[in-house]
Amino acid sequence: MLHAPARWLGRHPVFASDDVEQARDEVARVFCAHGLQQLTAGERMDCHMHSVRVGALSLNYLAYGADVRITPGCLQDFYLVQIPVAGQADIRYGHEQVQSDPRTAVVLSPHQPVTMRWYTGCAQLLLHIPRALMEQRLAASAGAPSAPLDFALALAQQSGPAAAWCKAVLDLARNINANGAAWLSMGVAAGAMQEFLLQSLFSLQPHSGSALLPTDAQPALPRHVQRAREFIEAHAEQALTLADIAGAACVSERTLQEGFRRHLDTTPNACLREVRLQRIHERLRQAAANGEAITVLQEAYRYGFFHLGRFSAYYRERFGEPPSATLARR
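If you number the sequence shown the way my numbering does, the last residue is 780 and the count never jumps.
Take a look at the structure:
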């Protein structure tokens with residue numbers, strides 16, 4: 451075997467087998483039904499698979515000691531990023547074909563038939579992404595798509611804008627192998643990592659919806675500030691501290707505060723408060739329009755405003771009326 455299975459997610463084994471049928475069935479349980487054919491007689495199958503959950507995603511290690519052909523057809527309900535760490539593979543998606551190796555990863559979309567040949571000793575990290583998550587990402591950025599969301603097939607691992615993303619996936623796998631995955635059982639940590647992996651891939655790898663995305667003439671925000679904003683948006687209902695936000699952005703509290711002051715002219719806590727006020731305002735307006743029986747107190751508590759006088763003052767300053775007036779506007 452040319453690869454070293456224990457190096458990649460080795461604490462999270464799914465199976466190891468020399469049997470072609472067992473390998474096919476075990477991999478199918480994680481991904482989808484597929485054909486698996488050993489192409490060279492006399493080689494050990496020596497198949498290893500490891501897997502760990504990252505929120506709604508899964509990060510997997512898969513290796514074949516033998517030369518194999520894999521035929522899953524259309525993936526249907528998921529995207530699959532394949533990052534070789536050893537060996538090479540020929541990947542066909544519809545009419546496109548790429549030779550994949552440690553310099554070139556691939557992004558498989560769900561809509562065209564897939565055929566692959568993994569050569570002897572090929573080992574890859576595979577990021578499984580539910581199709582619904584990617585389509586929701588496009589809809590949130592550019593409205594409802596009029597065509598299927600297809601990513602460019604080839605993803606350069608060592609150059610170009612997505613190279614840093616590939617390195618982050620490899621580093622995540624090494625981190626899990628060295629330190630375990632218990633931290634990913636915490637909702638905040640898993641949610642932040644899922645958000646980073648999804649948004650970065652969506653932003654950096656060309657896809658059929660790229661032309662629909664809004665352009666911004668302003669300079670791009672530093673990565674840690676953008677990560678912090680995304681984390682706040684995703685977790686506004688949770689009890690967040692400055693330390694939580696800084697941790698999700700992978701910087702110190704002081705660096706985070708300075709980044710918000712310099713680039714957004716605000717603070718992380720003020721940004722969190724603004725997001726929460728906007729959510730409450732929209733909820734009260736929706737309830738008023740639909741005649742729903744909710745209370746201001748209920749929504750304030752939901753978003754962590756336990757001092758109602760202070761909350762009402764913030765709300766009035768932001769929207770020009772008390773929250774009770776918004777809710778009463780039937």
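For every residue, glycine included, the Cβ atom is placed at its ideal position computed from N, Cα and C.
Query	Result
Can you check DSSP and say which residues form a bridge with A513?	H498, A573
Relative to the alpha-carbon of L583, which residue among S635, E546, L651, Q549 has its alpha-carbon at the smallest distance?	L651
What number of angstroms, rounded off, separates the C-alpha of A536 from the C-alpha of R766?	60 Å
Kindly indicate which three-state DSSP category G637 falls into: helix, strand or coil?	helix
Pull up the DSSP beta-bridge partners for G523, would you.	V564
Please state the DSSP three-state secondary structure of Q668.	Low local confidence applies: a pLDDT of 43 at Q668 is under 50, so the model's placement there is unreliable, and no value is given.
On a Cα-Cα basis, can you pick out the residue from T565, F601, E493 that is closest to L588?	F601
My understanding is that L486 touches V518, with C-beta atoms under 8 Å, so please give their C-beta distance in whole angstroms.	6 Å
When the distance is taken between beta carbons, is S550 closer than 9 Å to A532?	Looking at the sequence provided, one finds Gln at residue 532 rather than Ala. Yes, these two residues count as a Cβ contact at 9 Å.
Are the stretch 612 to 625 and the stretch 487 to 497 touching by the rule of at least three beta carbon pairs closer than 8 Å?	no
Between the alpha carbons of E742 and I579, how many angstroms are there, rounded?	36 Å
Starting from Q532 and walking both ways along the beta strand (DSSP E), at which residues does that stretch end?	528 to 536
Taking 9 Å as the threshold (C-beta atoms), are L512 and V477 in contact?	yes
What is the DSSP secondary structure of E546, counted as helix, strand or coil?	strand
DSSP three-state label for I541, please.	strand
What span of residues does the alpha helix (DSSP H) with G697 cover, start to end?	692 to 699
Please classify A778 as buried or exposed, where buried requires at least 16 neighbouring CB atoms within 10 angstroms.	exposed
Once you ignore the five residues that flank P672 on each side, which residues in its own chain have a CB closer than 7 Å to its CB?	G709, H713
When burial is assigned at 16 or more other CB atoms within 10 Å of the CB, is H545 buried or exposed?	exposed
Can you look up T716 in the DSSP assignment and give me helix, strand or coil?	coil
Spatial neighbours of P718 within its chain, please: CB distance less than 7 Å, with the 5 preceding and 5 following residues excluded, ordered by chain position.	A678, L692, I695, L706, Q707, F710
Taking the continuous alpha helix (DSSP H) assigned at L747, which residues delimit it?	746 to 752
What residues in its chain sit with their C-beta under 6 Å from that of T716, if we drop five residues either side in the sequence?	F710
On the DSSP letters alone, give me the boundaries of the alpha helix (DSSP H) that S467 sits inside.	That residue, S467, is in no alpha helix (DSSP H); its beta strand (DSSP E) goes 463 to 467.
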